[in-house]
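Counting from 1 along the sequence shown, just add 395 to a position and that's the residue number in this note's numbering.
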Amino acid sequence: MNSAPISFLALLVALLLQGILPVQAAGRDSFPSPPTSSNRLFYIQRSKDANTIVYDANLTADGRLDTRKPIQVYWIRYADRGQREDLSSVQWHMAYGYKHNPAPDAPDAYDVSLNAFRKRPIKVVYRQGKPVAMTTINGHSACLQKVFVQVSPGSGLIPKVHYVDMFGIDPEKGQPVHERIHF
396 MNSAPISFLA
406 LLVALLLQGI
416 LPVQAAGRDS
426 FPSPPTSSNR
436 LFYIQRSKDA
446 NTIVYDANLT
456 ADGRLDTRKP
466 IQVYWIRYAD
476 RGQREDLSSV
486 QWHMAYGYKH
496 NPAPDAPDAY
506 DVSLNAFRKR
516 PIKVVYRQGK
526 PVAMTTINGH
536 SACLQKVFVQ
546 VSPGSGLIPK
556 VHYVDMFGID
566 PEKGQPVHER
576 IHF
């Protein structure tokens, strides 16, 4: 057997592992799903890598949403070792953080806007005893479950977004809803 192709393959693998050559991102359906949680609101995945931003309801000891910080946001670093990490200050302020206000029309509920996507408001409320993130998906009220962001490969510090897929469940019909938003 010729050792030249094996040496080339070994070099290619080494360069990919060191991050010198770009790796084609996996498709959105091949990304891991975060472990289920009774407090899970939704999560965001990006075409860049499998790392996932998770949004969980932040509850007090008596089971109510924390008034100061009703949502706990963190990474699951699947592209590393699968560890949980907090967001950096820049990640919080520029992209994955949020602003919230008490919802005037519902007790123990909050109107939320994500820093990177203020055009689509979210309301964190209780439905059937569980906190959920309600928003509009494809013109329907829906419990938001997952967001997928398609970005340009190698687009730098501020990625160019091609589209955002929003996935949820219609709370009345129990059926999945989906919307693709192009940028």
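Glycine included, every Cβ here is placed at the ideal spot set by N, Cα and C.
State the start and end residues of the unbroken beta strand (DSSP E) segment that holds residue i.
i      : result
THR447 : 444-452
GLY563 : 556-564
ALA545 : The displayed chain sequence assigns Gln, not Ala, to residue 545. Run containing GLN545: 535-546, per the beta strand (DSSP E) assignment.
SER432 : Unbroken run through SER432: none, as it is neither H nor E.
ILE466 : 466-472
PRO526 : 525-532
GLU567 : Note, GLU567: premise wrong, no beta strand (DSSP E); not H, not E.
ARG479 : 478-481
So residue i packs on residue j, CB below 8 angstroms; how close in whole Å?
i      : j      : result
ALA498 : TYR450 : In fact, because the Cβ distance is near 17 angstroms, the residues do not count as touching under 8 angstroms.
VAL507 : ILE564 : Contact doesn't hold; Cβ gap of about 18 angstroms is too wide.
TYR491 : ILE448 : 5 angstroms
ASP560 : HIS577 : So it is not a contact: roughly 10 angstroms between Cβ atoms.
PRO566 : LEU460 : Not really, about 18 angstroms apart at Cβ, beyond 8 angstroms.
Bridge partners for residue i per DSSP, in chain order?
i      : result
HIS488 : Looking at the DSSP assignment, HIS488 forms no beta bridge with any residue, so it has no partner.
PRO502 : PRO502 is not bridged to any residue.
LEU509 : TYR493 and PHE512
ILE553 : In DSSP, ILE553 forms no bridge with anything.
ARG441 : ASP444 and VAL544
The segment 429-447 / the segment 536-548 touching (three or more Cβ pairs under 8 angstroms): yes
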